[in-house]
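Each remark here refers to the structure printed beneath this line.
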Amino acid sequence: LGVFTTRNMPLSRLFMQWQGAKEGYSKARERSFHFGSREHHICGMISHLGPQMAIADGVALAYKLKKDDKVTLAFTGDGATSEGDFHEALNVAAVWDLPVIFLIENNGYGLSTPVNEQYRCISLVDKAKGYGMEGVQIDGNNLLAVYDTIKGVREFCIKHQKPYLIECMTFRMRGHEEASGTKYVPQDLFRLWEQKDPIKNYEHYLFNTGVLSEMKVAEIRNEFKEKIESELAIGFNTKPVVADTEEELEDVYAKVQGSISKAHVVDNSRPGFDSRLPTKDSRLIDAIKEGLHQSMQQHPNLILMGQDIAEYGGAFKITEGFVQEFGKARVRNTPLCESAIVGTALGLSLEGYKSMMEMQFADFVTVGFNQIVNNLAKIHYRWGQNADVVIRMPAGGGVGAGPFHSQSNEAWFTKVPGLKVVYPSTPMDAKGLLIAAINDPNPVMYFEHKALYRSVNGPVPEEYYEIEIGKARHVREGDEISIITYGSGVLWAEDYAAEHPEISIDILDLRTLAPLDYIAIREAVKRTGRVLLLHEDTLIGGIGGEIAAWIAENCFELLDAPVMRCASLDTPVPFSIELEQNFLAKSRLNETIQKLMSY
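Below, the structure is given as structure tokens:
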């Protein structure tokens, strides 16, 4: 509340926000303090403790790159210091020398849990030493001490380009929120902290120094009371919330205003496509590298982040040579802090930067899951802030890498409103979809199959071009059975069709899993009346189930047989090559096709 009011946000609109009115800051979609305002340089919090600190890292990195003499201030409570996000954010800020002030409001309780059940260090400020940063503990109820400290620390952070940790010792005279009450707090603590009331003590200080008189205090109080009452009258004058389904759906994504980089738009969605652009034969991995390289040239504000992506060139060498050309400021090795780096990417977006984060393996996304599904995905719907972030996800099996380097986890993200999910199977699509993802102002999960990196070749335009996100590719025409698939499934389907010319197989490569191309799916059903959904992901919870349900609801009259699925076993991905081959959906493809054809 203090931050909002000192930024001169109109009280009337804050009252509207707290009532859930449409005229507030989030179109009635967010709760009291959970909103942001670009105009007032405030990033809205989420209920999960800790993630906002990494966003502060990203904003501070933007200031550093622009050479702006600014700092970011991130508030957190004592409870959130137990979260992994606290560690990751402080570690990244320290390693990258970012001008961030991390301010802990230590009020002694995380809701009802006292600090002696939260941590064992004597003071939270002692944690600063472990990150190689400066820190100070102050009386958080002393207005002058807080003001003087923040002012001095801000100057320090700007001058030395370093982070700083401040622990403010304070107390809550009410509950964590209205419903929780204060029965868990010993009453003597209220008596003790009442003596430390910051407003009363500051008022007494001003009396004693002769700055204020009782008459002046009364004037100030009356002035504020009148202002609050008048703003409250405006704030209560709101219209009832009327749901507009079209508006709700439209606001999930930021609008794509067309490519500012003037990329060619290549539509290769039909069989027999001719790009009419000069092409060269490329592997999938080379196409991804070229798309990323051309994007770095097109967008000076594009920042790459990931483990070992600089001098080493990444685990798969996709960014090899980039740091020599674009410099370490734009090609950034990261600590092993996936959550903090996703948050940093969002912070960069708040300041107008684009970013690409490489998950070294798609499996490792689990430790950044909260930032992706609760911060990146929801932020535009919540308060109109876009997340201009691409997360590259080397995924898939077939290379004997075992349970933690082989997962197909794309379906996890297709059910999260606000995320776009793409999964190319050809070099041409790999380059075009990556460029489109980087140009898109929305968060995009970009899946790339590791086994296809160096095993798949194809023509790739040398120009800077986009493949439209959300549009499937009709790979092959047939009239007996339609295989709807993506990723490695496209290659399996093509190989099977080549080996079985006696079956007229139609193949649709989805390419984009969110949003799905329902028009193309319906056309595929219409062409054959028999549909097989094929994917490398496991059966239960795979996107094939969702598409099968949609076809049953919307295309039933076009079907000549039940929709069938062919997917990998519902087990973790085994290490042994023999076990892995049995695990993969490909091993059951013939059996499933024959069953569908004989129906």
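Going by my numbering, the sequence shown opens with residue 270, and the numbers climb by one from there. We treat Cβ as the ideally placed atom computed from N, Cα and C, and that holds for glycine. No experiment lies behind these values; they were computed from the predicted model shown.
Please name the residue in the options whose C-alpha comes closest to that of residue i.
{"i": "residue 739", "options": "701, 827, 838", "result": "701"}
{"i": "residue 519", "options": "452, 711, 699", "result": "711"}
{"i": "residue 531", "options": "564, 511, 506", "result": "564"}
{"i": "residue 341", "options": "419, 500, 484", "result": "419"}
{"i": "residue 499", "options": "570, 610, 284, 683", "result": "284"}
{"i": "residue 588", "options": "303, 628, 615", "result": "628"}
{"i": "residue 352", "options": "479, 608, 864", "result": "608"}
{"i": "residue 567", "options": "704, 463, 689, 602", "result": "704"}
{"i": "residue 622", "options": "656, 575, 742", "result": "656"}
{"i": "residue 486", "options": "468, 502, 503, 845", "result": "468"}
{"i": "residue 362", "options": "324, 411, 845, 667", "result": "324"}
{"i": "residue 446", "options": "378, 415, 405, 462", "result": "378"}
{"i": "residue 411", "options": "829, 316, 385, 473", "result": "473"}
{"i": "residue 502", "options": "439, 709, 280", "result": "280"}
{"i": "residue 828", "options": "819, 769, 741", "result": "819"}
{"i": "residue 406", "options": "413, 393, 399", "result": "393"}
{"i": "residue 319", "options": "761, 800, 345, 449", "result": "345"}
{"i": "residue 834", "options": "376, 803, 706", "result": "803"}
{"i": "residue 789", "options": "814, 745, 334, 769", "result": "745"}
{"i": "residue 508", "options": "586, 297, 495", "result": "297"}
{"i": "residue 431", "options": "330, 645, 593, 758", "result": "330"}
{"i": "residue 299", "options": "347, 731, 721, 648", "result": "648"}
{"i": "residue 625", "options": "602, 636, 635", "result": "602"}
{"i": "residue 354", "options": "578, 640, 386, 619", "result": "640"}
{"i": "residue 558", "options": "578, 543, 541", "result": "578"}
Along the alpha helix (DSSP H) that carries residue i, what are the first and last residues, could you check?
{"i": "residue 426", "result": "412-429"}
{"i": "residue 356", "result": "353-364"}
{"i": "residue 397", "result": "396-399"}
{"i": "residue 467", "result": "467-477"}
{"i": "residue 799", "result": "No alpha helix (DSSP H) contains residue 799, which DSSP labels as neither H nor E."}
{"i": "residue 281", "result": "280-287"}
{"i": "residue 372", "result": "Careful: residue 372 lies outside any alpha helix (DSSP H), inside the beta strand (DSSP E) at 369-375."}
What do you get for residue i, buried or exposed, if any count of 16 or more other CB atoms within 10 angstroms of its CB means buried?
{"i": "residue 368", "result": "buried"}
{"i": "residue 491", "result": "exposed"}
{"i": "residue 597", "result": "exposed"}
{"i": "residue 661", "result": "buried"}
{"i": "residue 504", "result": "buried"}
{"i": "residue 390", "result": "exposed"}
{"i": "residue 416", "result": "exposed"}
{"i": "residue 478", "result": "exposed"}
{"i": "residue 397", "result": "buried"}
{"i": "residue 400", "result": "buried"}
{"i": "residue 512", "result": "exposed"}
{"i": "residue 526", "result": "exposed"}
{"i": "residue 797", "result": "buried"}
{"i": "residue 274", "result": "exposed"}
{"i": "residue 855", "result": "buried"}
{"i": "residue 539", "result": "exposed"}
{"i": "residue 736", "result": "buried"}
{"i": "residue 689", "result": "buried"}
{"i": "residue 459", "result": "exposed"}
{"i": "residue 696", "result": "buried"}
Which residue comes first and which comes last in the beta strand (DSSP E) that contains residue i?
{"i": "residue 505", "result": "Per DSSP, residue 505 belongs to no beta strand (DSSP E) and is neither H nor E."}
{"i": "residue 438", "result": "433-438"}
{"i": "residue 698", "result": "Looking at the DSSP string, residue 698 is not in any beta strand (DSSP E); the run it does join, the alpha helix (DSSP H), is 696-708."}
{"i": "residue 574", "result": "571-575"}
{"i": "residue 833", "result": "833-837"}
{"i": "residue 406", "result": "403-408"}
{"i": "residue 783", "result": "781-783"}
{"i": "residue 568", "result": "Note, residue 568: premise wrong, no beta strand (DSSP E); not H, not E."}
{"i": "residue 760", "result": "Where residue 760 is concerned, there is no enclosing beta strand (DSSP E), although the alpha helix (DSSP H) it sits in stretches over 757-768."}
{"i": "residue 727", "result": "726-730"}
Assuming residue i and residue j make a contact with CB atoms under 8 Å, what is their CB distance in whole Å?
{"i": "residue 841", "j": "residue 672", "result": "4 Å"}
{"i": "residue 614", "j": "residue 676", "result": "The pair is not a contact, with the Cβ atoms about 22 Å apart (cut-off 8 Å)."}
{"i": "residue 652", "j": "residue 289", "result": "Contact flag wrong, Cβ pair sits at about 14 Å."}
{"i": "residue 436", "j": "residue 373", "result": "5 Å"}
{"i": "residue 666", "j": "residue 849", "result": "6 Å"}
{"i": "residue 809", "j": "residue 839", "result": "5 Å"}
{"i": "residue 434", "j": "residue 402", "result": "6 Å"}
{"i": "residue 611", "j": "residue 573", "result": "The pair is not a contact, with the Cβ atoms about 14 Å apart (cut-off 8 Å)."}
{"i": "residue 554", "j": "residue 780", "result": "That pair is no contact at about 18 Å."}
{"i": "residue 370", "j": "residue 643", "result": "Between residue 643 and residue 370 the Cβ distance is about 24 Å, and since that is not below 8 Å, they are no contact."}
{"i": "residue 775", "j": "residue 816", "result": "Not really, about 15 Å apart at Cβ, beyond 8 Å."}
{"i": "residue 287", "j": "residue 306", "result": "Incorrect: roughly 14 Å between the Cβ atoms, too far for contact."}
Between residue i and the ligand MN, is the CB less than 7 Å from at least one heavy atom?
{"i": "residue 559", "result": "Inclusion of the ligand MN in the displayed structure is not the case, the ligand content being empty and no account of it being possible."}
key: Segments of 4+ residues assigned as alpha helix (DSSP H) that fall wholly inside the region 314-348   = 321-335
task = Mind listing, in chain order, the continuous alpha helix (DSSP H) runs of no fewer than 4 residues lying wholly within the region 610-661?
result = 648-652
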